[in-house]
Structures are given as C-alpha cells and as structure tokens.
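Colleague:
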Amino acid sequence: MRDVIIIGSGPAGWTAAIYAARANLNPLVVASQVEIGGELMNTTEVENFPGFPEAIMGPELMAQMQQQAERFGTEVAYDDATELDLDGDVKRVTLGSGKVEEAKSVIFATGSAYRKLGITREDDLSGHGVSWCATCDGFFFREKTIAVIGGGDSAMEEATFLTKFASKVYLVHRRDEFRASKIMQQRAFDNEKIEVVWNSEVADLQGETALTGIVLRDTVTGDTRELPLDGLFVAIGNDPRTHLVHGKLDLTVDGTIAVDGRSSRTSVPGVFAAGDVIDPSYRQAVTAAASGTVAALDAEHYLAALADVEKAVAVATA
Ligand code: NAP
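To convert, take the position in the sequence shown, counting from 1, and add 386; that gives this note's numbering.
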C-alpha cells in the first residue's frame with residue numbers, strides 16, 4: 387500500500403509531492419485527465435512567484451514543478467479521482483479508469499473552479515462566444531469586440547491579455563471600484579482598447595447559436611441596455627472544488643475544506659487538504675505551494691505516528 391496519494395496537480399499538489407517524495411513517501415499524484423497543472427495553465431506571465439525576476443509563463447512554471455516532483459520519485463496518474471473512501475486506516479481513491487489506489491494518507495489539493503454568472507443559456511453558449519479562459523480562447527477573437535466581466539485580478543489580467551487579439555474590450559464590473567491590485571488596475575486603465583463599464587451586471591445573453599451581445603443592467607438605477615458583442619469572458623472568481631468530499635469532510639461556511647488551525651488536518655484522520663480548496667482569501671500560487679508543504683509535513687508526521695502505533699501493537703502481540 388502507498389503512503390500517500392495527492393489529488394490535484396496545481397502548485398499545492400506538486401509542492402506536496404516534492405516534499406513527500408524527498409521524505410521517501412513515494413507519492414502518487416492524481417493529476418487529472420485534462421486539467422493537469424490547475425489554474426496556472428490558463429495564466430500567461432506569472433510575475434509574482436519568487437525566483438523568477440523576469441516572470442515565467444504559468445504552464446512553464448507548472449511543468450517545472452512537475453519535473454521537480456518527478457525527479458524525487460513522484461508517480462503521476464493522468465486520470466481523475468472519481469470517488470473517495472476516506473474512513474478507516476486504508477484510504478481508497480477510485481480513478482476514472484476504474485482502478486482503485488490505496489494509501490495510508492491522502493492530500494486533497496483540487497483547487498478551485500471558475501465561477502459562473504448563473505444566468506440562462508450560459509452553458510449553452512459556452513464555447514460559442516462565452517468563455518472562462520482568455521489564454522485558451524482569446525485567439526478566436528481577433529479584431530472582435532468582447533467584454534470581460536469582473537473586478538478582480540483575473541478580470542484585469544484577462545482584459546489586458548485579450549487586447550492582444552480583440553479590437554475592443556469592455557471591462558464590466560458590478561460596482562464603481564475594482565478589488566484588483568493597483569498595478570493590475572492601472573495596466574487596464576492605461577490600455578486604450580479597454581473601456582470600463584461601471585455599476586453593471588449581465589442580465590441576459592443574446593444570440594441563438596452563438597453569442598451576439600448581452601443585456602446589461604445598471605446596478606444603481608436598474609436600467610437595462612444592449613451591448614453587441616462577439617465574445618464574453620467571465621472572470622468573477624473561483625469556487626473550491628469540493629464535490630468529491632461532500633458529506634465526507636467538514637467544510638467551512640465559505641465552502642472550503644475545514645482544517646485544524648494552521649495545519650492541513652481535515653476532520654478525518656489521515657486526510658489532509660492544501661491550496662485553494664482550503665483558502666477563501668489569498669489564493670496565490672505561492673500561498674498554495676506553501677500550503678502543499680504544510681500538508682506533506684503533516685502527512686509525514688501522521689505516517690510516523692501510525693508506524694509507531696503499528697510497531698507497538700506488533701510488540702504487544704508478539
Ligand atoms: P476575486 O478576487 O474573488 O474577484 C472576483 C470579482 O468578480 C470581484 O470583483 C467580484 O465583484 C466579481 N464578481 C463575483 N461574482 C460576480 C457575479 N456573480 N457577477 C458579477 N461580478 C461578480 O477573483 P479573481 O479575480 O479570480 O482572483 C482570485 C485570487 O487570485 C485573488 O487573490 C487574486 O489576487 C488572485 N489572482 C492573482 C493574479 C496575479 O497576481 N497575477 C491573477 C489572477 C488572480 P465584487 O468586487 O463586487 O465582489
């Protein structure tokens with residue numbers, strides 16, 4: 387049986403793997419079938435990860451983290467975890483292939499998923515003008531008019547990136563100030579292709595088979611108006627990916643997995659959680675990486691204690 391299975395391949399998952407592998411715990415990372423590398427795979431330049439003064443592309447950073455984890459013996463399963471059995475000393479992780487992996491401990495680092503607007507036909511028009519990923523889909527909007535929804539760093543980043551392709555980018559925010567960092571706000575304000583639309587939310591999506599525009603509602607007056615568009619990028623944050631552990635692990639009021647103080651210990655012994663899935667506030671690559679470290683160290687301590695108990699039982703029954 388394995389010592390530890392790590393579910394997730396973002397900064398938290400790979401960093402947990404680096405630490406666990408260097409502690410000779412031979413971790414298996416369940417890296418997902420299609421979303422290997424997590425959120426940073428959808429990012430362009432990462433300018434705030436220490437050690438890269440000239441910035442590094444998100445996918446390159448993730449590839450390097452994986453290489454570093456594999457260098458110390460991490461195994462990788464390019465598959466999704468579909469079911470978890472976390473009770474008892476043996477944890478079972480069922481993969482998409484049907485294979486069941488067993489381990490004494492599990493580190494859950496599944497990150498977070500794009501938040502949706504929650505309006506009619508959002509899913510129908512996904513891939514037909516509505517997108518959550520500028521780096522994936524920006525290319526399709528050369529010389530087009532698009533809108534980005536949101537007021538955080540993601541919205542600033544996506545809007546700025548999309549001006550490489552689009553002729554016009556509306557940056558639509560529901561309030562009259564952004565929550566994004568000042569430097570990223572300024573970059574957006576300075577970009578002449580970006581026009582900020584304050585106090586507005588999307589009331590409706592227009593277009594039969596592909597998006598042709600949106601209906602905006604003024605959040606102050608309630609007035610509505612139409613805005614013709616070729617594309618809409620939704621960048622309104624993320625929700626922790628916890629669907630696999632509902633009813634199995636305690637969650638917080640924010641919907642993140644509850645952990646004990648500053649540790650990664652969840653409500654189930656031997657199960658640890660790290661990264662965005664436990665973090666409602668900071669959600670940075672570097673904080674996720676640090677959180678992965680904590681989880682690996684906690685798992686190591688748990689396994690050492692487990693080994694002590696097993697030894698004591700063996701002595702007592704000999
Ligand atoms: P965020 O900071 O939570 O911002 C989400 C934005 O979307 C907020 O402006 C929010 O409006 C708006 N919003 C939420 N729900 C909405 C809805 N239903 N309709 C319309 N607008 C809605 O999320 P984020 O921008 O994805 O950033 C998440 C974390 O990642 C942050 O810590 C951020 O610093 C970090 N990040 C960093 C970088 C970087 O440094 N390069 C890049 C991207 C993200 P309100 O402001 O009114 O709440």
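We put the CB at the ideal spot given by N, CA and C, even for glycine.
How would you call residue 662, buried or exposed, if buried means at least 16 neighbouring beta carbons within 10 angstroms?
Modeller: buried
Colleague: Run through DSSP, which three-state label would residue 592 get?
Modeller: strand
Colleague: Let me confirm a value: residue 497 is counted as buried when at least 16 other C-beta atoms fall within 10 Å, else exposed. Which label applies?
Modeller: buried
Colleague: Taking DSSP as the reference, what is the three-state secondary structure of residue 471?
Modeller: DSSP, read as helix, strand or coil, puts residue 471 in strand.
Colleague: Relative to the alpha-carbon of residue 620, which residue among 628, 582, 517 and 632 has its alpha-carbon at the smallest distance?
Modeller: 517
Colleague: Just to confirm my understanding: we take residue 593, look at its own chain, exclude 5 residues before and 5 after, and list those with CB closer than 8 Å. What are they?
Modeller: 511, 514, 515 and 599
Colleague: Return the bridge partner residues of residue 587 from the DSSP annotation.
Modeller: 603
Colleague: Is there at least one non-hydrogen atom of ligand 1 closer than 8 Å to the beta-carbon of residue 570?
Modeller: Yes, since a heavy atom of ligand 1 falls inside the 8 Å radius drawn around the Cβ of residue 570.
Colleague: For the beta strand (DSSP E) holding residue 463, just list the boundary residues, first then last.
Modeller: 461–463
Colleague: Would you list the one or two residues that DSSP bridges to residue 443?
Modeller: 431
Colleague: Nearest by alpha-carbon distance to residue 632: which of 468, 564 and 544 is it?
Modeller: 468
Colleague: Can you tell me where the alpha helix (DSSP H) with residue 503 in it begins and where it stops?
Modeller: Counting along the chain, residue 503 falls outside any alpha helix (DSSP H), and DSSP gives it neither H nor E.
Colleague: Which runs of the alpha helix (DSSP H) spanning at least 4 residues fall entirely within the stretch 499–566, listed in chain order?
Modeller: 520–523 and 539–548
Colleague: Can you tell me which of the three DSSP states residue 575 falls into?
Modeller: helix
Colleague: Report all residues from its chain with a CB closer than 6 Å to the CB of residue 523; omit the five preceding and five following residues, and keep chain order.
Modeller: Excluding positions up to five away in sequence, the list reads 517.
Colleague: Residue 624: beta carbon under 8 Å from a heavy atom of ligand 1?
Modeller: yes
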